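*Asks:* So for the sequence shown, this note's numbering puts the first residue at 12; every next one is plus one. Think of the CB as a built atom: it goes at the ideal place given N, C-alpha and C, for glycine as much as any other residue. Just so it is clear, the structure is predicted and the values come from calculations on it, not from any experiment. I have a structure here, written as C-alpha cells, and I will follow up with some questions on it.
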Amino acid sequence: KIEKTRKGLTLDFDFYMYEKAKSVNKALDKALALDEPLKIHESMRYSLLAGGKRIRPVLCIAACELVGGDESTAMPSACAVEMIHTMSLIHDDLPCMDNDDLRRGKPTNHKVYGEDVAVLAGIGLQAFAFEHIAKATTGVSMERIVSVVSELAKASGSKGIVGGQVVDIDFTGVSDVGVEQLEYIHILKTASLLESSVVIGATLGGATIEELEKLRKFARCIGLLFQVVDDILDVTRGTEELGKTAGKDLVVDKTTYPKLMGLEKAKQFAEELKNEAIELLSCFDQEKAMPLISLSNYIAHRQN
Ligand code: GRG
Numbered sequence: 012k013i014e015k016t017r018k019g020l021t022l023d024f025d026f027y028m029y030e031k032a033k034s035v036n037k038a039l040d041k042a043l044a045l046d047e048p049l050k051i052h053e054s055m056r057y058s059l060l061a062g063g064k065r066i067r068p069v070l071c072i073a074a075c076e077l078v079g080g081d082e083s084t085a086m087p088s089a090c091a092v093e094m095i096h097t098m099s100l101i102h103d104d105l106p107c108m109d110n111d112d113l114r115r116g117k118p119t120n121h122k123v124y125g126e127d128v129a130v131l132a133g134i135g136l137q138a139f140a141f142e143h144i145a146k147a148t149t150g151v152s153m154e155r156i157v158s159v160v161s162e163l164a165k166a167s168g169s170k171g172i173v174g175g176q177v178v179d180i181d182f183t184g185v186s187d188v189g190v191e192q193l194e195y196i197h198i199l200k201t202a203s204l205l206e207s208s209v210v211i212g213a214t215l216g217g218a219t220i221e222e223l224e225k226l227r228k229f230a231r232c233i234g235l236l237f238q239v240v241d242d243i244l245d246v247t248r249g250t251e252e253l254g255k256t257a258g259k260d261l262v263v264d265k266t267t268y269p270k271l272m273g274l275e276k277a278k279q280f281a282e283e284l285k286n287e288a289i290e291l292l293s294c295f296d297q298e299k300a301m302p303l304i305s306l307s308n309y310i311a312h313r314q315n
C-alpha cells in the first residue's frame, strides 16, 4: 500500500514494514542464541521468534531515524522492547492471568514448556533485554543509554504494564468502570510500552528535549489508539466477551471502549487520536516523518 501525506509525499508502507520487521527478526535471532541451559533458551526463543507484527521495535527504529539516527543504533533497544513485550505476553497467557492456549496462532509458552519454565522464560527475557541494551548499544553517550534503561524499566514496571495489569485485574467483573478509569488502565498496560519504544528510539537518535516532548505526546496518542482499535477489533471479529481460548469456560467480563461509548463513537475516538498523533508530527520534516505517519495510519486501520 502506498501511503500519501497531505503534502503529497509517498511511502510504500508494506515494503517498509516488511523490511524493518525482517531486520528486527534477524537481530532478535542473533541476539538470543540457543545456549546452555537449553530448555530455558529454547522457551525464550520459542515466544520471541514466534512472529508478531513487531510494531514496537519498528516504532523505535522509525523514531531514531526521524531525528537523524541510524537503524543500527536503535536495534539493540528495539530488540529489548520486543523482549519486554514478549515477556508480558507469556505472563499474560499464564493460567493465573488470562489462561490462554494460543498466542500468535501457536500454543502458548506454558502449554509447550510448562508453567514453571514459562514464568522463568518471561523473567529471563526481561533481564536479557536490559543486558542487551547495555552490551550491544554503540555510538551513544552513557547519559542517553542510562535514560533509555530508565525509560524501559519504568514502562515495564508498576507504573507501566505491571501497574496496568494489576488495575485491570482489579476492575474485572466491575460493571461501572468509566472512560477515565479505562483510559488509565490502557495508558499503563498498553500505551506505556509503545510510548517508551518511540521515546527510546528518539533518545538514541539524538533528539532534543523539545523533540522528545513532542514525540512522547505523539506516542501516547498512538498507544491509546492501539488499544481503542484492539477493542473495536474484538467487536468486529465477534470475540468480545468470549474467552479467546477454546478450553476456557469463563466468560470474560471486560469493559471496552465500544461497550462504554458505542461502536460508532469508539471509531470516531480512534480517528481523533490518529489525527492528533499525526498533527503532533507536523513540526518535523514531513518526508522523514512519513514512517511514523504511516505507522499511525496502520495502527488506526489494522485488521489484526
Ligand atoms: C512481569 C513485567 C511483567 C509484566 C506482566 C501480564 C502483564 C504483566 C501485563 C499484560 C500486558 C499486556 C499483555 C498488554 C496487552 C498489550 C497488547 C495489546 C498486546 C498485543 O500486541 P500486538 O497486537 O501483538 O502488537 P503482536 O503479537 O503483533 O506482537
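With which residues is D23 paired in a DSSP beta bridge?
*Replies:* Stepping through the sequence shown from its first residue, residue 23 is reached at position 12. According to DSSP, which records beta bridges pairwise, D23 is partnered with I13.
*Asks:* What are the boundary residues of the alpha helix (DSSP H) that includes E47?
*Replies:* Start at 1 with the first residue of the sequence shown, and residue 47 comes out as number 36. First-last for E47: undefined, no H or E at that position.
*Asks:* Give the secondary structure of R67 by DSSP, where H, G and I count as helix, E and B as strand, and everything else as coil.
*Replies:* Along the sequence shown, read from residue 1 onward, the residue named residue 67 stands at position 56. Of the three classes helix, strand and coil, the one that applies to R67 here is helix, per DSSP.
*Asks:* Assign A132 to one of two classes, buried (16 or more other C-beta atoms within 10 Å of its C-beta) or exposed (fewer than that).
*Replies:* Position 121 of the sequence shown holds residue 132. Its Cβ being crowded by 16 or more others within 10 Å, A132 is buried.
*Asks:* I need the boundaries of the alpha helix (DSSP H) containing L193, first residue and last residue.
*Replies:* Along the sequence shown, read from residue 1 onward, the residue named residue 193 stands at position 182. Per DSSP, L193 belongs to the alpha helix (DSSP H) from V190 to H197.
*Asks:* Alpha carbon to alpha carbon, how far is G175 from T266?
*Replies:* For the purposes of this step, residue 175 is taken as residue 164 along the sequence shown, with counting starting at 1. For the purposes of this step, residue 266 is taken as residue 255 along the sequence shown, with counting starting at 1. Each residue's Cα considered, the two are about 14 Å apart.
*Asks:* Apart from the five residues on each side of it in sequence, which residues of its chain come closer than 8 Å, Cβ to Cβ, to L223?
*Replies:* Taking the sequence shown and counting its residues from 1, one reaches residue 223 at position 212. Result list for L223: V210, A213 and T214, in chain order.
*Asks:* Okay, do the segment 292-309 and the segment 238-249 touch, 3+ Cβ pairs below 8 Å being the bar?
*Replies:* no
*Asks:* Give the single residue among V151, S58 and L39 whose Cα lies nearest to the Cα of D103.
*Replies:* Within the sequence shown, residue 103 is the residue found at index 92, counting from 1. Nearest of V151, S58 and L39 to D103, Cα basis: S58.
*Asks:* Grab me the residues of L22's own chain with a C-beta within less than 6 Å of its C-beta, minus the 5 sequence neighbours each way, in chain order.
*Replies:* Here the question's residue 22 lines up with position 11 in the sequence shown. Within the same chain, L22 has close Cβ partners E14, M301 and S305.
*Asks:* Counting pairs of Cβ atoms below 8 Å between the segment 181-200 and the segment 104-118, do you hit three or more?
*Replies:* no
*Asks:* Start and end of the alpha helix (DSSP H) containing D103?
*Replies:* Locating residue 103 in the sequence shown gives position 92, counting from the first residue. From DSSP, the alpha helix (DSSP H) with D103 extends over E82 to D104.
*Asks:* Can you tell me which of L60, A42, P68 and A38 puts its alpha carbon nearest to the alpha carbon of M28?
*Replies:* By 1-based counting over the sequence shown, the position of residue 28 is 17. Considering only alpha carbons, the answer is P68.
*Asks:* What span of residues does the alpha helix (DSSP H) with M272 cover, start to end?
*Replies:* Counting from 1 along the sequence shown, the entry for residue 272 is found at position 261. Run containing M272: Y268 to M272, per the alpha helix (DSSP H) assignment.
*Asks:* Can you name, in chain order, every residue of its own chain whose Cβ lies under 8 Å from the Cβ of I51, other than the five neighbours on each side?
*Replies:* As a first step, residue 51 must be located in the sequence shown, where it is residue number 40. For I51, where only same-chain residues beyond five positions count, the Cβ hits under 8 Å are V128, L131, A132 and G135.
*Asks:* Would you identify the three-state DSSP class for R227, choosing helix, strand or coil?
*Replies:* As a position in the sequence shown, residue 227 is number 216, starting the count at 1. The answer is helix: DSSP assigns R227 an H, G or I state.
*Asks:* According to DSSP, is L292 helix, strand or coil?
*Replies:* Stepping through the sequence shown from its first residue, residue 292 is reached at position 281. Coil at L292, not helix or strand.
*Asks:* With distances taken from CA atoms, which of H96, R248 and S34 is nearest L274?
*Replies:* If you number the sequence shown from 1, residue 274 lands on position 263. With distances taken between Cα atoms, L274 lies closest to R248.
*Asks:* In the structure shown, what three-state DSSP assignment does L215 receive?
*Replies:* Along the sequence shown, one-based indexing puts residue 215 at 204. In the three-state DSSP reduction, L215 falls in the helix class (H, G or I).
*Asks:* Going straight from the alpha carbon of L39 to that of M98, what length do you get?
*Replies:* As a working note, residue 39 is residue 28 in the sequence shown. As a working note, residue 98 is residue 87 in the sequence shown. Answer to the nearest angstrom: the Cα atoms are 14 Å apart.
*Asks:* When the Cβ atoms of the segment 138-148 are set against those of the segment 224-235, are three or more pairs found closer than 8 Å?
*Replies:* no
*Asks:* Count the other CB atoms within 10 Å of the CB of C71; is the residue buried (16 or more) or exposed (fewer)?
*Replies:* Counting from 1 along the sequence shown, the entry for residue 71 is found at position 60. It is buried - the Cβ of C71 has at least 16 other Cβ atoms within 10 Å.
*Asks:* Kindly list the residues whose CB is nearer than 7 Å to the CB of P269, restricted to its own chain and excluding five residues on each side of it in sequence; keep chain order.
*Replies:* As a first step, residue 269 must be located in the sequence shown, where it is residue number 258. The answer, listed in chain order, is D242, I243, V246 and A277.
*Asks:* Compare the Cα-Cα distances from G63 to each of A140, M153, L199 and L100 and report the closest residue.
*Replies:* Numbered from 1 along the sequence shown, position 52 holds the residue referred to as residue 63. Cα-wise, what sits closest to G63 is L100.
*Asks:* Output yes or no for whether 8 Å exceeds the beta carbon distance between L204 and A166.
*Replies:* For this step, residue 204 is matched to residue 193 along the sequence shown. For this step, residue 166 is matched to residue 155 along the sequence shown. It is a contact, given that the beta carbons lie within the stated cut-off.
*Asks:* List, from N- to C-terminal side, the alpha helix (DSSP H) runs of 4 residues or more that fit wholly inside the segment 102-129.
*Replies:* 120-124
*Asks:* Assuming V92 contacts L163 (C-beta within less than 8 Å), just tell me the rounded distance between them.
*Replies:* By one-based count along the sequence shown, residue 92 stands at place 81. By one-based count along the sequence shown, residue 163 stands at place 152. With a Cβ gap of about 7 Å, V92 and L163 count as contacting.
*Asks:* Secondary structure at R248, three-state DSSP: helix, strand or coil?
*Replies:* Along the sequence shown, one-based indexing puts residue 248 at 237. Reduced to three states, the DSSP call for R248 is coil.
*Asks:* Quick check: is any heavy atom of the ligand GRG less than 7 Å from the C-beta of I243?
*Replies:* For the purposes of this step, residue 243 is identified with residue 232 of the sequence shown, where counting begins at 1. No, the Cβ of I243 stays beyond 7 Å of every heavy atom of the ligand GRG.
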